[in-house]
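Enquirer:
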Amino acid sequence: MKPLVSVSMICYNAEPFIAEAIEGVLQQQTSFEIELVIGDDCSQDETRRIIEEYGAKYPGKISVVPKGENLGITGNTARNFAACRGKYIAICDGDDVWIDPFKLQKQVDFLENHPDYGLSYTDIETVSETGAPIYDQHAVELRHFYAEGNIFFKLLGGNFINNSTVVFRRKYLENHTVRPDRIYQIQDHVTWLHIAACGGKGHLLPSPTTQYRRHTQSLSINVPWSKRRGNRKMFHLYMFKAVADFDAMNRLPIAREDKALLFRRMLSLIYRRWGSLEMKMDILKRLPRYIPGIVDLIKLGRLKMERGISILQSFNKPATSISSTYILIEEFLPVCF
């Protein structure tokens, strides 16, 4: 029987955590069929052996993606999504664990009854490598951004949705591509942005259903400078389509501050070096609909000036001079590239 929900779990060198992550999925109590699709990215430890043992024990429940080449987090995500068959895709990373046995039932019940919602996400608990609860200042700050309904503009400002809490409609992958490129690792953020741009609302389940694990090997914690630059570039490139989708789909009034934010993002698509001339011309054609009032234009000019001064002042700090140079080039000298 075809599952209603496919749980996508990717992993790499997750030997200490993967069994607990799998058990959290197996403990889900649902009135519908689910499948767990596990994609191991050529782990160097015992992760592969553990997931294959689970696959043999639960052949109708767990599907282990055949061993292939090492693709990195985005390529592995794309490969795993392609193997999912359900109407909905839920995500649980191989080092996290679901702690609410009714998580999927609650989220899917809501989505089934609210077809205008594209995804559902929840709050989290943060734990250490050993599973002990720890204080997470970043998670506390992100809770201020949690939102219900139209979350497009919130996502323009940054990602506040924990990957391992999400259930989303698989149909949104039909016109969205997770690019298997090693230079970035924000495939989750751009996917949520795509769903929201296409009109899919976001549902918040405020109770924590997932333990998010912070550990020394976590890719979300140890982000090298090259990946940070790659994240900026790929977010910028994905934004071209997100803006076009939003412009085509949205028929609702836009709040003043949201219009100013979108205008600022659209300007950045035009003046930064990434993207083709055709893509930039498409944004330029749409731009007049989002020009904010004179007050917001003045604020935008002041913001850019203050940021430029701040970057120039940082050249006096050796630890930040290289990164400041990159930002200055990308933000203020795009015509040179």
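Residue numbering for the sequence shown is 769 to 1105, as defined by our numbering. Every residue gets a Cβ at the ideal spot worked out from N, C-alpha and C, and that includes glycine. Computed from a predicted model, the values in this text were never measured in an experiment.
(1) Give the list of continuous beta strand (DSSP E) stretches no shorter than 3 residues that lie fully inside the stretch 785-822.
(2) Nearer than 7 Å: is that true of the beta carbon of Arg997 relative to any heavy atom of the ligand GTP?
(3) Counting Cβ pairs, one atom from each stretch, are 3 or more of them under 8 Å apart for the stretch 780-787 and the stretch 796-814?
(4) So what does DSSP say about Val773, is it helix, strand or coil?
(5) If you draw a straight line from the C-alpha of Ile902 to the C-alpha of Arg1040, how long is it?
(6) Would you call Val908 buried or exposed, if buried means 16 or more other Cβ atoms sit within 10 Å of its Cβ?
(7) Is it the case that the stretch 943-954 contacts the stretch 871-878, given that we only count it when at least three CB pairs across the two stretches are under 8 Å?
(8) Helix, strand or coil for Trp960? Go by DSSP, reduced to three states.
(9) Which residues in the same chain have their Cβ closer than 7 Å to the Cβ of Asp1026, if we skip the five residues on either side of it in sequence?
(10) Does DSSP put Tyr940 in a helix, in a strand, or in coil?
(11) Tell me the DSSP secondary structure of Glu1046 in three-state form.
(12) Are the CB atoms of Phe849 and Leu941 nearer to each other than 8 Å?
(13) With DSSP run on the structure shown, which of helix, strand or coil describes Val935?
(14) Of the choices Met1034, Ala900, Gly1061, whose alpha-carbon is the least far from that of Phe982?
(15) Does DSSP classify Ala1012 as helix, strand or coil?
(16) Kindly indicate which three-state DSSP category Asn841 falls into: helix, strand or coil?
(17) Hey, is the stretch 1002-1010 in contact with the stretch 875-889, meaning 3+ C-beta pairs nearer than 8 Å?
(18) How about Ala851 and Val775: do their beta carbons lie closer than 8 Å?
(19) Please state whether the Cβ-Cβ distance between Phe913 and Phe936 is less than 8 Å.
(20) Looking at the unbroken beta strand (DSSP E) that takes in Ile857, where does it start and where does it end?
(21) Between Asp861 and the rest of its own chain, which residues show a CB-CB distance below 8 Å, the 5 nearest in sequence each way excluded?
(22) If you check the beta carbons only, do Thr978 and Ile892 fall under 8 Å apart?
(23) Buried or exposed for Trp866, going by 16 or more other Cβ atoms inside 10 Å?
(24) Excluding five sequence neighbours on each side, which residues of the same chain lie with their C-beta closer than 8 Å to the C-beta of Asp877?
(25) Cα-Cα, which of Leu1029, Glu801, Gly967 is closest to Met1017?
(26) Are the C-beta atoms of Glu814 and some chain B residue less than 8 Å apart?
(27) From Lys1048 to Arg847, what distance separates their C-alpha atoms?
(28) What is the rounded straight-line gap between the Cα of Gln953 and the Cα of Leu973?
(29) Apart from the five residues just before and just after Pro1102, which ones in its own chain have a Cβ nearer than 7 Å to its Cβ?
(30) Distance check for Ser896 and Gln905, CA to CA, integer angstroms please.
(31) Taking DSSP as the reference, what is the three-state secondary structure of Ile1022?
(32) Nearest to Leu1020 by alpha carbon, out of Thr894, Tyr1058, Lys995?
(33) Would you kindly work out how many angstroms separate the C-alpha atoms of Ser1036 and Ile818, rounded to a whole number?
(34) Could you check the C-alpha separation between Asp808 and Val833 for me, to the nearest Å?
Expert: With the given structure in hand:
(1) 802-808
(2) Annotation note on the ligand GTP: not contained in the displayed structure, which lists no ligands.
(3) The stretch 780-787 makes contact with the stretch 796-814, as at least three CB pairs between them are under 8 Å.
(4) strand
(5) 40 Å
(6) exposed
(7) The stretch 943-954 and the stretch 871-878 do not touch, with fewer than three beta-carbon pairs separated by less than 8 Å.
(8) helix
(9) Phe921
(10) helix
(11) helix
(12) yes
(13) strand
(14) Note on residue identity: the sequence assigns Arg, not Phe, to residue 982. It is Ala900.
(15) helix
(16) Residue identity check: residue 841 is Ile in the sequence provided, not Asn. It is helical.
(17) no
(18) No, they are not a contact pair.
(19) Not in contact: Phe913 and Phe936 (Cβ atoms no closer than 8 Å).
(20) 856-859
(21) Here the set comprises Met777, Ile778, Cys779, Ala789, Asn931, Ser932.
(22) Their beta carbons are under 8 Å apart, which means Thr978 touches Ile892 by this criterion.
(23) buried
(24) none
(25) Gly967
(26) Given the protein chain composition of this structure (a single chain), no chain B is represented.
(27) 30 Å
(28) 25 Å
(29) Confidence at Pro1102 is low in this model, with a pLDDT of 44, below 50, so its placement is unreliable and the value that follows should be read with caution. Answer for Pro1102: Tyr1039, Arg1040, Arg1041, listed in chain order.
(30) 14 Å
(31) coil
(32) Tyr1058
(33) The straight-line gap from Cα to Cα measures roughly 46 Å.
(34) 7 Å
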